[in-house]
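> One structure is given below, represented as structure tokens, and several questions about it will come after.
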Amino acid sequence: MTEKKTTNIILFSGDYDKAMAAYIIANGAAAYDHEVTIFHTFWGLNALRKDEHIPVKKGFMEKMFGKMMPRGSDKMGLSSMNFAGFGPKMIKGVMKKHNVMPLPQLIEMAQEQDIKLVACTMTMDLLGLQKEELLDNIEYAGVAAYLADAEDGNVNLFI
Amino acid sequence: MTEKKTTNIILFSGDYDKAMAAYIIANGAAAYDHEVTIFHTFWGLNALRKDEHIPVKKGFMEKMFGKMMPRGSDKMGLSSMNFAGFGPKMIKGVMKKHNVMPLPQLIEMAQEQDIKLVACTMTMDLLGLQKEELLDNIEYAGVAAYLADAEDGNVNLFI
Amino acid sequence: MTEKKTTNIILFSGDYDKAMAAYIIANGAAAYDHEVTIFHTFWGLNALRKDEHIPVKKGFMEKMFGKMMPRGSDKMGLSSMNFAGFGPKMIKGVMKKHNVMPLPQLIEMAQEQDIKLVACTMTMDLLGLQKEELLDNIEYAGVAAYLADAEDGNVNLFI
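Protein sequences appear in the order of chains A, B and C. In this text, residue positions in the first sequence follow our numbering: the first is 1, and each later residue adds one. In this text, residue positions in the second sequence follow our numbering: the first is 1, and each later residue adds one. In this text, residue positions in the third sequence follow our numbering: the first is 1, and each later residue adds one.
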């Protein structure tokens, strides 16, 4: 019996370009028959937010974080050359021209390929994000679950 | 004879949130009986700085770096939404509310769990940091020592 | 037959200090007889740009990216304390004083040690970078080639 190889990515960053890199590697690894997990923590959770407003009860701080953070992957900024939102427009322009899949589609593709998308419950609490606000069909876990996957992983990355 | 699994983290970043992620993973791995090393390089060295002023002789450049960099983990900023220091206050507020350990305690816990905290000697030279300014009971090493640990590591991360 | 250990670094960042860390680890690993690959993607491609202006035909967006991004490793900024270009001057000053190799020499050394420098073709398209603009003697590949190397790698890092 040969075990499947695994790829385990921690997506910490809330930048559009870094999340793209994470999802491109993840989709590639799934195509190579790896078992793939993306563990979303801190600002990386924003890639899992639904783009509509979801009415949920929150404390004051949590409401502020919710308002200031991008609602969904399409609204995330760039890690470099963001230029107050002009950079993402430029990147999306050249992506379209070169037929590169935009981030929301990369995430859809990951779900279709059975990549395990995990939201870190501890940082959901910190940033005041609730399950209703995140995409459907994802999992919820903590650092213990990440380590259980990663300790036998082939490709482990922190992005 | 089964060997212990190992986790080897390079902490390059001087951001409060990234250092938190590093120390939460490290403490988790130690609880799972991994041998854990955090190799602090560049801005990550600031997590090891003592919070008081330590009088040491320095060149002009080294003095400037010393003044501009945060003195200790509690004074570090956020990688995202820092808002000139307001972001860290918000995060620390919600951390307290949700009983999440602040960074200085996470570092103490790491030392209690015998996690090896290493300061990169080459970047200490560059940033003009001296042993007297860093926490007690840490180790000093270079990239060769990191590689010797990491080449047989289970979870290797660059944060 | 014992196989060589391998180190596989994704250099995503276009920051001088992060690229330095990547190349110092890579050169160290090569000295330890690892097979080493640095896969340059997104802003990390700038480390491979030649420093002179290379006349090539480009679309409008690609021309803008080309103008705004640093031309070559020596012109890259810092991830922290950049201070509009003053930070890199300071760092280079202390590097000289402490005999630390500047980034362009670290890259030369990597080529002399037969480290495989790869440019990600997909992000070259996005940023409008053409082969003529990048260093000689590098390779061109995509995420599939990265994964083929990394899935059996010893030290895999995303920088």
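Every residue gets a Cβ at the ideal spot worked out from N, C-alpha and C, and that includes glycine. Given the structure is predicted, the values throughout are model-derived calculations rather than measurements.
For C/GLY87, would you say it is in contact with chain B, using Cβ-to-Cβ distances shorter than 7 Å as the test?
no
> Could one say the Cβ of B/ASN154 lies closer than 7 Å to chain D's Cβ atoms, at least one of them?
Among the chains of the structure shown, chain D does not appear; the protein chains present are A, B and C.
> If the cut is a Cβ gap below 7 Å, which residues of chain A does C/VAL143 touch?
ILE24, ILE25, GLY28
> Within the stretch 19-86 of chain C, note down every full beta strand (DSSP E) run reaching 3 residues or more, in order along the chain.
35-40
> Starting from A/GLU151, find everything on chain B with Cβ-Cβ shorter than 9 Å and list it in chain order.
By Cβ distance, chain B contributes LYS5, THR7, ALA29, TYR32, HIS34, ASN154, VAL155.
> Which residue comes first and which comes last in the alpha helix (DSSP H) that contains C/VAL155?
No alpha helix (DSSP H) contains C/VAL155, which is instead part of the beta strand (DSSP E) from 155-158.
> Mind checking the stretch 38-58 of chain B against chain A and listing, in chain order, the residues whose C-beta falls within less than 9 Å of any C-beta there?
none
> I believe C/MET124 touches C/ASN27 by the beta-carbon criterion, under 8 Å. Please report the beta-carbon distance rounded to the nearest angstrom.
The Cβ separation is near 24 Å, so there is no contact.
> Is the CB of C/GLY14 under 7 Å away from at least one CB in chain B?
no
> Flag this pair as touching only if the stretch 121-136 of chain C and the stretch 132-141 of chain B have three or more C-beta atom pairs under 8 Å; answer yes or no.
no
> Note down, in chain order, every chain C residue with its Cβ under 7 Å from the Cβ of A/ALA21.
PHE12, THR41, PHE42
> Mind the definition here: the stretch 145-159 of chain B touches the stretch 38-49 of chain C only if three or more C-beta pairs lie below 8 Å; say whether that holds.
No: the two stretches stay apart, fewer than three of their Cβ pairs being nearer than 8 Å.
> Do you know whose CA, among B/ASN8, B/ALA21, B/ILE54, B/ALA22, lies nearest B/VAL36's CA?
B/ASN8
> Helix, strand or coil for A/TYR140? Go by DSSP, reduced to three states.
strand
> Buried or exposed: which applies to B/GLU3, given that a residue is buried once 16 or more other Cβ atoms fall within 10 Å of its Cβ?
exposed
> Return no unless some Cβ of chain A is closer than 7 Å to the Cβ of C/LEU126.
It does; some Cβ of chain A falls within 7 Å.
> If you measure from the CB of B/GLN113, is any heavy atom of the ligand FAD nearer than 6 Å?
Ligands in the displayed structure: none, and consequently the ligand FAD is not present.
> Any beta carbon of chain C sitting closer than 7 Å to that of A/ASP17?
Yes, its Cβ sits closer than 7 Å to a Cβ of chain C.
> To the nearest angstrom, report how far apart C/LYS116 and C/LEU135 are at their CA atoms.
Counting only the Cα atoms, C/LEU135 lies some 12 Å from C/LYS116.
> Would B/TYR16 and B/PRO88 be called neighbours here (beta carbons separated by less than 7 Å)?
yes
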